[in-house]
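When the letters of the sequence shown are read in order and numbered with the working numbering, they come out as residues 6 to 227.
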Amino acid sequence: MSLNLVRLLIFAKAPQAGRAKTRLIPALGAQGAAELARQMLRHTLREALTAQIGPVELCMSPAPHDLAWRGVAVPRAVQRSAQGGGDLGERMARAVLRVTTQRRQSVLLMGTDCPGLTAARLTEAAEQLQAHDAVLVPAFDGGYVLMGLKTPCPALFTQMRWSTPTVALETLRRMAALQLRVWQAPPLHDIDEPADLVHLHTACYGAQFLKSNGPLAPVLID
Numbered sequence: 006m007s008l009n010l011v012r013l014l015i016f017a018k019a020p021q022a023g024r025a026k027t028r029l030i031p032a033l034g035a036q037g038a039a040e041l042a043r044q045m046l047r048h049t050l051r052e053a054l055t056a057q058i059g060p061v062e063l064c065m066s067p068a069p070h071d072l073a074w075r076g077v078a079v080p081r082a083v084q085r086s087a088q089g090g091g092d093l094g095e096r097m098a099r100a101v102l103r104v105t106t107q108r109r110q111s112v113l114l115m116g117t118d119c120p121g122l123t124a125a126r127l128t129e130a131a132e133q134l135q136a137h138d139a140v141l142v143p144a145f146d147g148g149y150v151l152m153g154l155k156t157p158c159p160a161l162f163t164q165m166r167w168s169t170p171t172v173a174l175e176t177l178r179r180m181a182a183l184q185l186r187v188w189q190a191p192p193l194h195d196i197d198e199p200a201d202l203v204h205l206h207t208a209c210y211g212a213q214f215l216k217s218n219g220p221l222a223p224v225l226i227d
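Now the structure itself:
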């Protein structure tokens, strides 16, 4: 398998105030949380394109032509699709099925919440997927920030207790039950809770947050 058969599939919500990164609203305010979501989306797309390991697809919620995406810049090189209905597991399983069967490509499935998923780490994951059946990059909170697959593997997505600290361990258990050869990377931080904001100072896009008397005020450096 050559690296150009690996599709980077990025799941993202529209960065709307009050709907994006809602667990960060107590720290950043609704507008600040939405602006951070916008910056992390831009950073993720930039790193995915820089990696040059295959097509980059943004799988969007709501659908690409929804007004919620108005004003959100998506590079022309990025393909667009709709996540569709169902819970997170159903949406991810459907996307992986489409890529691995209809397009006959391996897939790296990721979100936009992990600034540490740099182009170099994406390239490493794609290379490891050539020699393994699956790759997994866990998150420090017990979830995962990237999964790579060559086949649909719907059992990895059904009846999963998402947003719990056992998601990565349960996913690895299911992979073992399927007798998949798995490469696992060291864990990375994702940005979901106010306590996670301390990890933004190492992000490649240089997002920094300064405390004020009120909510944290974002200072975004492109």
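All residues carry an ideal CB built from backbone N, CA and C; glycine is no exception.
Here the structure is a predicted model, which means the values were calculated and not measured.
- Counting of Cβ neighbours within 10 angstroms places Pro191 among the exposed residues, the total staying below 16.
- Trp188 is a Cβ neighbour of Gln133, given a cutoff of 8 Å.
- Nearest in C-alpha terms to Gly37, of all of Thr106, Thr105, Ala25, is Ala25.
- For Met165, same chain residues with a beta-carbon under 7 Å away, outside a window of 5 residues either side, are Gly94, Val172, Glu175 in chain order.
- Here Ala160 has Arg179, Leu183 as same chain residues with Cβ atoms under 7 Å from its own Cβ, once five neighbours each way along the sequence are excluded.
- With a 10 Å radius around the Cβ and a threshold of 16 neighbouring Cβ atoms, Arg126 comes out buried.
- The bridge partners DSSP lists for Trp188 are Val140.
- Inter-residue distance for Arg186 and Pro143 is about 16 Å (C-alpha atoms, whole angstroms).
- The residue among Leu41, Thr49, Ala100 with its C-alpha nearest the C-alpha of Pro120 is Thr49.
- The continuous beta strand (DSSP E) containing Met115 extends over residues 111-115.
- Per DSSP, the beta-bridge partners of Ile15 are Leu63, Met115.
- Taking a C-beta distance under 8 Å as the contact criterion, Met45 and Thr117 qualify as a contact pair.
- Under the criterion of beta carbons closer than 8 Å, Thr105 and Pro60 do not qualify as touching, at roughly 13 Å.
- At a Cβ-Cβ threshold of 8 Å, Leu10 and Leu29 do not count as neighbours.
- Nearest Cα to His70 within the set Ser111, Lys18, Gln107: Lys18.
- By a beta-carbon distance limit of 8 Å, Ala56 contacts Thr128. Their separation comes to about 5 Å.
- Per DSSP, the continuous alpha helix (DSSP H) segment holding Gln44 begins and ends at 30-56.
- Out of Leu122, Arg85, Pro170, the CA that lies nearest to the CA of Met152 is found in Leu122.
- Ala35 is not a Cβ neighbour of Ala53, given a cutoff of 8 Å.
- In this structure, DSSP gives Gln133 a helical state, which the three-state scheme calls helix.
- For Ala139, the number of other beta carbons within 10 angstroms of its own is at least 16, and it is reported as buried.
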